[in-house]
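Asker: What follows is a structure written as structure tokens; I'll ask about it next.
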Amino acid sequence: MTHSILRCVFILFLVINPLHAAANNTILILGDSLSAAYGLKQEQGWVQLLQDKYDAEQRNINLVNASISGETTGGALRRLDALLEQYQPTHVLIELGANDGLRGFPITKMQTNLTALIEKSQAADAQTALMEIYIPPNYGPRYSKMFTDSFTSVSEATNSHLMPFFVLKVAGKNELMQNDNLHPNKTAQPILRDEMYNTINQWLNKD
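Taking mature numbering (1 follows the signal peptide of the UniProt record, and there is no 0), I'd label the letters of the sequence shown as residues -21 to -1, 1 to 186.
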């Protein structure tokens, strides 16, 4: 009888543990055109390149790319409940705010939306990370500084992991940018992949 009980416990462990491991590595990416492979094929974007790298390394990490070109924090907030229910991620990475800034939206409204995105994700038992975003300097030093400082403030207030802006290594380099000088080109995507590979690893190890 004792052996039968132990055998049942062992079988349950084998069944439950892989499911638990899979769930621990589902990362929902809420981003804008920088993560949506704007101007490129989806398989050329950094998110798919990073998934390919994880698969090649046989790492149990699944990236769900819910990024949309032109997305704002408000737009993502309207979509989030359905995404959380559909994918049940254990990690949510928020790469948003650029379009809020480019459209001159109030910074306080962006902060409120970012906080709501994080709190909803945390309420769904997901670990959260917020990426710091920069906007072009032509918006003025005061607005630009208040804008970027918002991400530190929100991450600290919500106990979220703060990620550095992943485009800094390629921004301003003509050979790595599309003609609009806003979006990284195909050549830049492996650089962004490697940057995010290191950044996400730090986040996961921290958790």
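Glycine included, every Cβ here is placed at the ideal spot set by N, Cα and C.
1. How big is the Cα-Cα spacing for Asn41 and Gln30?
2. Between Ile112 and Phe144, which are expected to be in contact by the criterion C-beta below 8 Å, what is the C-beta distance as a whole number of angstroms?
3. Going by beta carbon distance, what residues of the same chain come within less than 7 Å of Thr52, once the five residues before and after it are set aside?
4. Taking the C-alpha atoms as reference points, what is the distance between Thr166 and Gln157?
5. In chain order, what residues of the same chain have a beta carbon less than 6 Å from the beta carbon of Tyr117, not counting five sequence neighbours either side?
6. Figure out for me which residue from Val26, Ser123, Glu36 has the closest Cα to the Cα of Ile47.
7. How should Pro163 be labelled, buried or exposed, when 16 other C-beta atoms within 10 angstroms of its C-beta is the threshold for buried?
8. In the DSSP assignment, find the beta strand (DSSP E) that holds Asn44 and state where it starts and stops.
Answerer: With the structure as the only source:
1. Taking the straight line joining both Cα atoms gives about 7 Å.
2. That belief holds up - the Cβ atoms of Ile112 and Phe144 are roughly 6 Å apart, short of 8 Å.
3. Around Thr52: Leu75, Gly76, Asp79, Met89, Asn92, Leu93, Leu96.
4. Approximately 10 Å, taken between the alpha carbons.
5. The sequence shown places Asn at residue 117, not Tyr. Counting only Cβ-Cβ distances below 6 Å, and skipping sequence neighbours, we find nothing.
6. For the residues Val26, Ser123, Glu36, the minimum Cα distance to Ile47 belongs to Val26.
7. Its Cβ being crowded by 16 or more others within 10 Å, Pro163 is buried.
8. Asn44 -> beta strand (DSSP E) spans 41 to 44.
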